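Undergrad: Residue numbers (this note's numbering): 638 to 885.
Okay, here's the structure, questions in a sec.
Written as structure tokens, this is what we have:
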């Protein structure tokens with residue numbers, strides 16, 4: 638049983654993901670909220686001096702829209718403990734780290750796909766609804782950076798949420814912890830305005846990383862990705878450690 642090929646584990650986790658109603662509800666809500674907010678922002682931004690500024694405005698929804706993807710990532714892990722399915726999963730695949738890795742790949746891949754589609758829709762909205770001198774060339778490096786940062790941020794947030802769910806084994810606890818890190822604390826600390834709060838805010842993995850920050854303290858995109866990646870990796874490895882040491 639321990640020799641189950643990883644591709645088989647991956648296929649099993651993909652089957653679970655696409656056969657669960659929460660996957661489609663969360664995905665639809667994400668597309669509606671992030672995409673709808675993008676089109677609304679583009680429609681209310683009549684003009685912008687640069688292409689990247691117009692696209693950044695259209696991506697405003699990514700400051701809060703990915704919440705359903707966090708819910709989905711947490712449910713993929715915590716739902717199995719709540720329903721008792723985890724026992725059957727670990728009986729079939731005793732190497733629990735491989736199970737969590739498969740879940741992470743599937744959830745992160747799905748988040749990347751949805752985010753890429755919504756980001757492309759927001760780019761279309763900016764191109765159609767916001768006047769920019771010279772238009773918005775999709776090959777503009779600054780425009781492309783805006784788009785792939787959202788995709789990278791979605792992948793890292795998914796890893797963070799999966800790790801937190803494995804670590805805490807509680808839907809409410811994992812959701813509260815992740816949303817506090819990526820959505821609540823960054824703007825609260827930024828609004829506080831003290832040197833310490835600003836420094837802490839820069840060290841939190843906000844939804845829109847680095848210079849694309851939403852209601853938080855802006856940093857370079859390189860720093861933003863490094864911070865988000867660090868949190869994601871630490872949470873994931875702690876989740877693996879707890880998963881392999883504790884009983885089901």
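All residues carry an ideal CB built from backbone N, CA and C; glycine is no exception.
Since we're looking at a predicted model, the values are computed, not measured.
Per the contact definition of three or more C-beta pairs closer than 8 Å, is the stretch 695 to 707 in contact with the stretch 715 to 733?
TA: At 8 Å Cβ cutoff, the stretches do not touch.
Undergrad: What does a CB cutoff of less than 7 Å around residue 904 pick up in its chain, not counting 5 residues either side in sequence?
TA: There is simply no residue 904 to check, as the chain begins at 638 and stops at 885 in what is shown.
Undergrad: Under 9 Å, Cβ to Cβ, is there at least one residue of chain D near residue 668?
TA: The structure shown contains no chain D; it is built from a single protein chain.
Undergrad: Just to confirm, is the Cβ distance from residue 796 to residue 753 under 9 Å?
TA: Sequence index remark: in the chain shown, residue 796 carries index 159 (1-based). Sequence index remark: in the chain shown, residue 753 carries index 116 (1-based). Taking 9 Å as the Cβ cut-off, residue 796 and residue 753 do not qualify as a contacting pair.
Undergrad: What is the DSSP secondary structure of residue 656, counted as helix, strand or coil?
TA: Against the chain shown, residue 656 aligns to sequence position 19. Residue state, collapsed to three classes: coil.
Undergrad: Give the secondary structure of residue 679 by DSSP, where H, G and I count as helix, E and B as strand, and everything else as coil.
TA: The residue labelled residue 679 in the question sits at position 42 within the chain shown. Residue 679: helix per DSSP, three-state reduction.
Undergrad: Below 8 Å, how does it come out for the stretch 809 to 816 and the stretch 659 to 671: are there three or more Cβ pairs, yes or no?
TA: The answer is no - the stretch 659 to 671 does not touch the stretch 809 to 816, with fewer than three Cβ pairs under 8 Å.
Undergrad: Determine the DSSP secondary structure at residue 865, reduced to helix, strand or coil.
TA: Position 228 of the chain shown, counted from the start, is the residue given in the question as residue 865. If DSSP states are grouped into helix, strand and coil, residue 865 belongs with the helices.
Undergrad: Could you please give me the residues that DSSP links to residue 684 through a beta bridge?
TA: One-based indexing of the chain shown puts residue 684 at position 47. Residue 684 is bridged to 768.
Undergrad: Where residue 878 and residue 676 are concerned, what is the direct C-alpha to C-alpha distance, given to the nearest angstrom?
TA: The sequence position of residue 878 within the chain shown is 241, counting from 1. The sequence position of residue 676 within the chain shown is 39, counting from 1. Their backbone Cα atoms lie some 42 Å apart in a straight line.
Undergrad: Given residue 638, which residues of its chain have a CB within under 7 Å of its CB, disregarding the five upstream and five downstream residues?
TA: Working through the chain shown from its first residue, we reach residue 638 at position 1. Here residue 638 scores only 40 on pLDDT, less than 50, and its place in the model is too uncertain to base an answer on.
Undergrad: Work out the CA separation of residue 823 and residue 716 for me, nearest whole Å.
TA: Translated into the one-based positions of the chain shown, residue 716 becomes position 79. Translated into the one-based positions of the chain shown, residue 823 becomes position 186. Their Cα atoms are separated by approximately 28 Å.
Undergrad: Here's the rule: buried if 16 or more other CB atoms are within 10 angstroms of the residue's CB, otherwise exposed. What is residue 703?
TA: Locating residue 703 in the chain shown gives position 66, where the first residue counts as 1. Residue 703 is buried by the Cβ-count criterion.
Undergrad: Alpha carbon to alpha carbon, what distance is there between residue 770 and residue 658?
TA: Translated into the one-based positions of the chain shown, residue 658 becomes position 21. Translated into the one-based positions of the chain shown, residue 770 becomes position 133. About 45 Å.
Undergrad: Quick check on residue 855: does DSSP put it in helix, strand or coil?
TA: Start at 1 with the first residue of the chain shown, and residue 855 comes out as number 218. It is coil, neither helix nor strand.
Undergrad: Going by DSSP in three states, residue 667 sits in which element: helix, strand or coil?
TA: The count along the chain shown starts at 1 and reaches residue 667 at position 30. Here residue 667 sits in helix by DSSP.
Undergrad: Using only CA atoms, which one of 865, 831, 804 lies nearest to residue 734?
TA: Locating residue 734 in the chain shown gives position 97, counting from the first residue. Of the candidates 865, 831, 804, the one whose C-alpha sits nearest the C-alpha of residue 734 is 804.
Undergrad: With DSSP as the reference, label residue 730 as helix, strand or coil.
TA: Taking the first residue of the chain shown as position 1, residue 730 is located at position 93. Of the three classes helix, strand and coil, the one that applies to residue 730 here is coil, per DSSP.
Undergrad: Let me know the secondary structure DSSP gives residue 794 once reduced to three states.
TA: For the purposes of this step, residue 794 is taken as the residue at position 157 of the chain shown. Here residue 794 sits in helix by DSSP.
Undergrad: With H, G and I counted as helix, E and B as strand and the rest as coil, what does DSSP make of residue 777?
TA: Stepping through the chain shown from its first residue, residue 777 is reached at position 140. Residue 777: coil per DSSP, three-state reduction.
Undergrad: Return helix, strand or coil for residue 874, following the three-state DSSP convention.
TA: Here the question's residue 874 lines up with position 237 in the chain shown. Helix at residue 874.
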